[in-house]
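Colleague:
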Amino acid sequence: MKLTIILVLLGGVMMIGWGFHRRCNAHLQELVTQVARLRQDNCKLLNHNCQLMKQIEVREIWQENHIANLIPTLSRLSVGHDKQQGKQAHLAIRCSLGRLSRSTVADLPRAAPPNISYRLIDIMTSVRACWQDELQHAGIKVERDIRISDEMIELRQWGADIIFNAIFSHTLQRLTPGQILSIECQSVAGKAVIRFSDHGLSCAYLAQVMLFDREGHLLSLPTLTRDTGGELIICSGEQGNLVELSWSLACQGAGKILDDCEGASTTALTAQGDWLSKLEQLVCVHFSEPDFSTARAARLLLLSERSLQRRLKQLTNRTFTEYLTHYRLEQACLQLRSGARVSDVAFECGFNDPSYFSQRFKQYYGLSPSQYIANGYRL
Numbered sequence: 541m542k543l544t545i546i547l548v549l550l551g552g553v554m555m556i557g558w559g560f561h562r563r564c565n566a567h568l569q570e571l572v573t574q575v576a577r578l579r580q581d582n583c584k585l586l587n588h589n590c591q592l593m594k595q596i597e598v599r600e601i602w603q604e605n606h607i608a609n610l611i612p613t614l615s616r617l618s619v620g621h622d623k624q625q626g627k628q629a630h631l632a633i634r635c636s637l638g639r640l641s642r643s644t645v646a647d648l649p650r651a652a653p654p655n656i657s658y659r660l661i662d663i664m665t666s667v668r669a670c671w672q673d674e675l676q677h678a679g680i681k682v683e684r685d686i687r688i689s690d691e692m693i694e695l696r697q698w699g700a701d702i703i704f705n706a707i708f709s710h711t712l713q714r715l716t717p718g719q720i721l722s723i724e725c726q727s728v729a730g731k732a733v734i735r736f737s738d739h740g741l742s743c744a745y746l747a748q749v750m751l752f753d754r755e756g757h758l759l760s761l762p763t764l765t766r767d768t769g770g771e772l773i774i775c776s777g778e779q780g781n782l783v784e785l786s787w788s789l790a791c792q793g794a795g796k797i798l799d800d801c802e803g804a805s806t807t808a809l810t811a812q813g814d815w816l817s818k819l820e821q822l823v824c825v826h827f828s829e830p831d832f833s834t835a836r837a838a839r840l841l842l843l844s845e846r847s848l849q850r851r852l853k854q855l856t857n858r859t860f861t862e863y864l865t866h867y868r869l870e871q872a873c874l875q876l877r878s879g880a881r882v883s884d885v886a887f888e889c890g891f892n893d894p895s896y897f898s899q900r901f902k903q904y905y906g907l908s909p910s911q912y913i914a915n916g917y918r919l
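Residue numbering for the sequence shown follows the numbering used here, starting at 541 and increasing by one per position.
Next up, the structure:
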């Protein structure tokens, strides 16, 4: 009888211990998940801080160049018929420009006057100068084909430098040493068109990049571009990546549309390219979900699975599963380069099992994730 009681008590203690153990494991797993999320948020915050620092640096370079270009012209204008008044005006202008050159970005007006004009080449030169050291250090070559000089673009509000800054920043994340970033800038159909092209990792996620505008609001890259009065096209596929920006030239008036011009036809997306862009945006939003499948993608695109597979095969020569895996692994490369752990990257990119993630990564790139990190992020 006593033995039975003892056994019952032991069984009860074991059951309580087992339940306590399960609760502890559940809490531990939840803690690990929260730590992974905090680490990801920390990476995002650091990235935003770097972006803000670069925006300040770009703005300062642009200010210095702008002031240097203005001084000779204003000096000539300030000398009038009255020599003494001319000297006083010249001194006042020099003092004002000196105060501007010493001011910070926070001291400048929050928004540009409506439809103010800026020289595009000045903005581009300032941003490129700001990122030149980082690009050289990363081994990324820049090829330029600049066919504009004094063309002015109309902006509804200031922000062009923030847009260019984001593109250069994410180029550094997508491209590996030895790859080339091509920049083409020209006037087409009454607009200034700037094209960034490369063969690095997919740039489709740029549409989801969030940036701070001058008011401190967090906006997506397409929204900020639209608010400045510009247009943004993002394409990524087998032929490489293309990011195209355009603003109306000041002499044409903002918002004028010249679809019948030859240049407009060269930049318009075809129906197939437009559909593929929608698919890329869909994958960009849902790739981190482990249960994201062909059936769900087809349902969201209002297609049958068979139609989705046939159309995607024609355009990319891949099935949807192959396309999704390719995108997930590209995002995994980006996250590994940001310093995230392999196991965290696996879960963030839609893989339920880190071992399976490592297996697919090695199968696709010829290196395991750990070897990729040890190799200096070179494939």
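For every residue, glycine included, the Cβ atom is placed at its ideal position computed from N, Cα and C.
Is it the case that the Cβ atoms of Leu764 and Leu746 are separated by a distance below 8 Å?
Modeller: No, they are not a contact pair.
Colleague: Assuming Met692 contacts Ser666 under a Cβ cut-off of 8 Å, what Cβ separation, rounded to an integer in Å, is found between them?
Modeller: Contact doesn't hold; Cβ gap of about 16 Å is too wide.
Colleague: Nearest-angstrom Cα distance between Leu695 and Thr768?
Modeller: Cα to Cα, Leu695 sits roughly 5 Å from Thr768.
Colleague: If you run the structure through DSSP and keep just helix, strand and coil, what is Gly770?
Modeller: Reduced to three states, the DSSP call for Gly770 is coil.
Colleague: Apart from the five residues just before and just after Glu870, which ones in its own chain have a Cβ nearer than 6 Å to its Cβ?
Modeller: Counting only Cβ-Cβ distances below 6 Å, and skipping sequence neighbours, we find Leu741, Ser742.
Colleague: Could you have a look at Arg735 and say whether DSSP puts it in helix, strand or coil?
Modeller: Reduced to three states, the DSSP call for Arg735 is strand.
Colleague: Going by alpha carbons, who is nearest to Cys824 out of Leu543, Tyr867, Glu674?
Modeller: Comparing Cα positions, the closest option is Tyr867.
Colleague: What are the boundary residues of the beta strand (DSSP E) that Trp698 is part of?
Modeller: Per DSSP, Trp698 belongs to no beta strand (DSSP E) and is neither H nor E.
Colleague: Within the chosen definition, does the stretch 721-728 reach the stretch 855-867 through at least 3 CB pairs nearer than 8 Å?
Modeller: Too few Cβ pairs lie closer than 8 Å, so no.
Colleague: Pull up the distance between the alpha-carbon of Ile720 and that of His567, whole angstroms please.
Modeller: If you take the alpha carbons of Ile720 and His567, they lie about 47 Å apart.
Colleague: By alpha-carbon positions, which one of Phe887, Leu874, Ala837 ends up nearest to Tyr863?
Modeller: Of the listed residues, the one whose Cα sits closest to Tyr863 is Ala837.
Colleague: Please report the distance separating the alpha-carbon of Asp831 from that of Tyr905.
Modeller: Rounded to whole angstroms, Asp831 to Tyr905 spans 24 Å at the Cα level.
Colleague: Taking buried to mean at least 16 other C-beta atoms within 10 Å of its own C-beta, is Leu547 buried or exposed?
Modeller: Its Cβ having fewer than 16 others within 10 Å, Leu547 is exposed.
Colleague: Closer than 8 Å by C-beta to Ser689: which residues in its own chain qualify, once you throw out the five before and the five after it? Chain order, please.
Modeller: So the list reads Ile661, once near-sequence residues are dropped.
Colleague: Taking the continuous alpha helix (DSSP H) assigned at Ser666, which residues delimit it?
Modeller: Counting along the chain, the alpha helix (DSSP H) containing Ser666 begins and ends at 660-677.
Colleague: Taking the straight line between their C-alpha atoms, what separation do you get for Glu570 and Gln903?
Modeller: Approximately 31 Å between the Cα atoms of the pair.
Colleague: With distances taken between CB atoms, is the gap from Gly770 to Ser786 smaller than 8 Å?
Modeller: Contact: yes.
Colleague: Per DSSP, Met554 forms a beta bridge with which residues?
Modeller: Paired residue(s): none; Met554 is not in a bridge.
Colleague: Would Glu888 be called buried (16 or more neighbouring beta carbons within 10 Å of its own) or exposed?
Modeller: Result: buried.
Colleague: Taking three-plus beta-carbon pairs below 8 Å as touching, is the stretch 776-785 in contact with the stretch 730-740?
Modeller: Flag = yes, the stretch 776-785 and the stretch 730-740 touch.
Colleague: Could you tell me the boundaries of the beta strand (DSSP E) in which Leu721 lies?
Modeller: First-last of the beta strand (DSSP E) with Leu721: 720-728.
Colleague: Just grab the DSSP bridge partners of Val682 for me.
Modeller: Per DSSP, Leu721.
Colleague: Just tell me which of Leu772, Gly559, Asn892 has its CA closest to the CA of Asn788.
Modeller: Residue 788 is actually Ser in this sequence, not Asn. Ranking the options by Cα distance to Ser788, first place goes to Leu772.
Colleague: If the criterion is Cβ atoms closer than 8 Å, does the pair Gln713 and Arg877 meet it?
Modeller: Cβ distance < 8 Å, so Gln713 and Arg877 count as in contact.
Colleague: How would you write the range of the alpha helix (DSSP H) that Ser898 sits in, first residue to last?
Modeller: Looking at the DSSP string, the run of the alpha helix (DSSP H) that includes Ser898 is 894-905.
Colleague: Tell me which same chain residues have a C-beta within less than 7 Å of the C-beta of Gln748, skipping the five on either side of it?
Modeller: Here the set comprises Ser760, Cys824.
Colleague: How should Phe901 be labelled, buried or exposed, when 16 other C-beta atoms within 10 angstroms of its C-beta is the threshold for buried?
Modeller: That one is buried.
Colleague: Which two residues bound the contiguous beta strand (DSSP E) that contains Glu784?
Modeller: Looking at the DSSP string, the run of the beta strand (DSSP E) that includes Glu784 is 780-788.
Colleague: Per DSSP, what kind of secondary structure is Leu876 in: helix, strand or coil?
Modeller: In the structure shown, Leu876 sits in a helix (DSSP, three-state: H, G or I).
Colleague: Could you give the distance in angstroms between the alpha-carbon of Leu816 and the alpha-carbon of Thr834?
Modeller: If you take the alpha carbons of Leu816 and Thr834, they lie about 15 Å apart.
Colleague: How should Arg642 be labelled, buried or exposed, when 16 other C-beta atoms within 10 angstroms of its C-beta is the threshold for buried?
Modeller: Note that Arg642 scores a pLDDT of 43, beneath 50, so its modelled location is shaky and nothing firm can be said.
Colleague: Between which two residues does the beta strand (DSSP E) holding Ser760 run?
Modeller: It spans 758-760 - the beta strand (DSSP E) in which Ser760 sits, taken as one unbroken run.
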